[in-house]
Ligand SMILES: Nc1ncnc2c1ncn2[C@@H]1O[C@H](COP(=O)(O)OP(=O)(O)OP(=O)(O)O)[C@@H](O)[C@H]1O
Ligand SMILES: [Mg+2]
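Chains as they are written, first to last, in this note's numbering: chain A, 1 to 278; chain D, 279 to 540.
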């Protein structure tokens, strides 16, 4: 009983110690530019809807970042799953596309930025859809193509790799026994390979979404960004508001951890079978 | 071509279900060498016949079965089922693999329902068929379990139910009981024979075990070591249920063992 209570609090131990040290050191250092007081950071966190200077509220920026990741990551993930399934299943596709993709994988996403700015400039999804006013315009206009490209790329590779390896790990007898039972090529795809590689796909998604969240913040610090958590942090630094910087960092970290946790829960609930097999 | 004794008088009445004629198989290994897995093979199966294939490891038994299932191409000779050549898997030919062939993410019921489902049956029909065959193999109460929650013997019973739920006219079985302990094995052999009587199916059954072959088969195909070739085809004229204590049973087993060793 006692030990279970203890193990419940175990993960909170180190964060609590860090906060404790922070509370102790902040007044000792007494310099808001080096280490803002915990209370000023907490004030920002508990009033997320309050506008901060010219940057809008934490909530709005968070929402913007989220929308970007949602769109970019979803597109990247879908492309990754499709490419992984096709290349995992068909040798020919693998031979043709494999080396090409491998060339792109090692390029850090930020290395794309100059090219992307040259290609897309400030163009956004709003421009792409031909919308230049209305209630959704500000949101669509904040979905810059260059950022989306980075997010799509960031979401693509982990999911692709996970799917590809997932397909490869589906035992041959599963495919063959299904074919013998009358499965069509699309049955094989959707009822054998897809569920069979689900653990791999999901692993890719879990790695990818945390990674993409990191990419996003970096991308939002680029010139031209006017919203999002990355922008918020960058701008707050310019204004010497370290409390906002730290609040932003805490939120980014917490969101990333939460996404990862959500993925784990889903995995445990829905893909439990994969841990039981061999 | 070596002479093959035709010990079964071809009774004109029963038509042949499967005709394997002049089939050979050569594999291209990963090192680029040609490997002959199967020498020219001829075999015919009559309706409702139970034929076992025994032979040393690597003599091409699985290859022969996989070609019959349409999973492996045959360059030379032909395999025809009910008069039409087998070029790809087809619903009328079922197959039970040695192991690992159930989809681990599907419940037992959904595994057994696969055949009807692929055939485009309604969900209700699929479930009904699956339940019927699960009952046949005595696993109704495990319908909602997952394969990893079952023992090896239970899994093979599910695999058999799954193959039968597709109502095949020919059932190919590749060492289906190979991974089971002796007791479970004997139990499943008995069950299989019962099922065969109930659902008239023609069976081509590969096994390592001479005893298993003598217990089950109407005819036994004895193969020589690689490159595999049919050495002899023997009829088993013992009535079912066969008793392992029977002198003729023992003599036949002994005879086949000698054939395998020579
Ligand atoms: N896809 C393949 N590529 C190359 N060689 C193969 C392939 N499949 C089988 N072989 C070779 O063909 C020969 C016959 O294999 P097969 O699996 O049919 O033997 P088997 O009689 O079923 O043996 P066992 O009793 O051990 O299962 C073996 O030498 C094997 O190495
Ligand atoms: Mg074999």
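Cβ atoms here follow ideal geometry from the backbone N, Cα and C, with glycine treated the same way.
Where residue i meets chain D, residues with beta-carbon distance less than 7 Å
{"i": "residue 173(A)", "result": "375, 378, 379"}
{"i": "residue 273(A)", "result": "382, 383, 424, 426"}
{"i": "residue 187(A)", "result": "396"}
{"i": "residue 195(A)", "result": "383"}
Range of the contiguous alpha helix (DSSP H) that encloses residue i
{"i": "residue 161(A)", "result": "145-169"}
{"i": "residue 481(D)", "result": "Not the alpha helix (DSSP H): residue 481(D) falls in the beta strand (DSSP E), residues 480-485."}
{"i": "residue 251(A)", "result": "242-270"}
{"i": "residue 131(A)", "result": "Taken as a continuous stretch (DSSP letters only), residue 131(A) belongs to no alpha helix (DSSP H), as it is neither H nor E."}
{"i": "residue 432(D)", "result": "430-443"}
{"i": "residue 221(A)", "result": "Element bounds for residue 221(A): n/a, residue is neither H nor E."}
{"i": "residue 406(D)", "result": "401-414"}
{"i": "residue 533(D)", "result": "525-539"}
{"i": "residue 469(D)", "result": "460-476"}
{"i": "residue 389(D)", "result": "386-390"}
{"i": "residue 232(A)", "result": "229-238"}
Which of helix, strand or coil DSSP assigns to residue i
{"i": "residue 330(D)", "result": "strand"}
{"i": "residue 283(D)", "result": "Only weak support is given to the placement of residue 283(D): the predicted model assigns it a pLDDT of 45, under 50, and the value that follows is read from those uncertain coordinates. Three-state DSSP puts residue 283(D) in coil, outside helix and strand."}
{"i": "residue 57(A)", "result": "strand"}
{"i": "residue 100(A)", "result": "helix"}
{"i": "residue 307(D)", "result": "coil"}
{"i": "residue 106(A)", "result": "coil"}
{"i": "residue 296(D)", "result": "strand"}
{"i": "residue 46(A)", "result": "helix"}
{"i": "residue 182(A)", "result": "coil"}
{"i": "residue 348(D)", "result": "coil"}
{"i": "residue 51(A)", "result": "strand"}
{"i": "residue 88(A)", "result": "helix"}
{"i": "residue 20(A)", "result": "helix"}
{"i": "residue 506(D)", "result": "strand"}
{"i": "residue 214(A)", "result": "helix"}
{"i": "residue 40(A)", "result": "helix"}
{"i": "residue 419(D)", "result": "helix"}
{"i": "residue 426(D)", "result": "helix"}
{"i": "residue 289(D)", "result": "Residue placement at residue 289(D) cannot be trusted, given a pLDDT of 45 that sits under 50; the coordinates are not used to answer."}
{"i": "residue 68(A)", "result": "helix"}
{"i": "residue 383(D)", "result": "coil"}
Start-to-end residues for the beta strand (DSSP E) that takes in residue i
{"i": "residue 317(D)", "result": "312-324"}
{"i": "residue 372(D)", "result": "371-374"}
Bridge partners - residue i, DSSP secondary structure assignment
{"i": "residue 363(D)", "result": "358(D)"}
{"i": "residue 499(D)", "result": "331(D), 511(D)"}
{"i": "residue 452(D)", "result": "484(D)"}
{"i": "residue 173(A)", "result": "Note: residue 173(A) sits in no beta bridge, so no partner."}
{"i": "residue 199(A)", "result": "Looking at the DSSP assignment, residue 199(A) forms no beta bridge with any residue, so it has no partner."}
{"i": "residue 124(A)", "result": "144(A)"}
{"i": "residue 302(D)", "result": "354(D)"}
Where residue i falls, given that 16 or more other Cβ within 10 Å makes a residue buried
{"i": "residue 31(A)", "result": "exposed"}
{"i": "residue 126(A)", "result": "buried"}
{"i": "residue 455(D)", "result": "buried"}
{"i": "residue 459(D)", "result": "exposed"}
{"i": "residue 528(D)", "result": "exposed"}
{"i": "residue 522(D)", "result": "exposed"}
{"i": "residue 434(D)", "result": "buried"}
{"i": "residue 508(D)", "result": "buried"}
{"i": "residue 74(A)", "result": "exposed"}
{"i": "residue 348(A)", "result": "This structure does not reach residue 348(A), given that chain A is present from 1 up to 278, and the question cannot be answered."}
{"i": "residue 36(A)", "result": "buried"}
{"i": "residue 170(A)", "result": "buried"}
{"i": "residue 298(D)", "result": "buried"}
{"i": "residue 229(A)", "result": "buried"}
{"i": "residue 91(A)", "result": "exposed"}
{"i": "residue 114(A)", "result": "exposed"}
{"i": "residue 466(D)", "result": "buried"}
{"i": "residue 383(D)", "result": "buried"}
{"i": "residue 339(D)", "result": "buried"}
{"i": "residue 400(D)", "result": "exposed"}
{"i": "residue 4(A)", "result": "exposed"}
{"i": "residue 176(A)", "result": "buried"}
{"i": "residue 275(A)", "result": "exposed"}
Residue i: contacting residues in chain A (beta-carbon distance under 8 Å)
{"i": "residue 369(D)", "result": "181, 182"}
{"i": "residue 393(D)", "result": "181, 182"}
Neighbouring residues, chain D, relative to residue i (Cβ below 8 Å)
{"i": "residue 192(A)", "result": "381"}
Amino acids of chain A, ordered along the chain, whose beta-carbon sits closer than 7 Å to that of residue i
{"i": "residue 372(D)", "result": "180"}
9 Å Cβ cut-off: residues of chain A touching residue i
{"i": "residue 444(D)", "result": "180, 181, 182"}
{"i": "residue 347(D)", "result": "176, 179, 180"}
- Message: Please list, in chain order, the residues of the region 94-109 of chain A that have any C-beta partner in chain E closer than 9 Å.
- Response: Of the protein chains in this structure, namely A and D, none is chain E.
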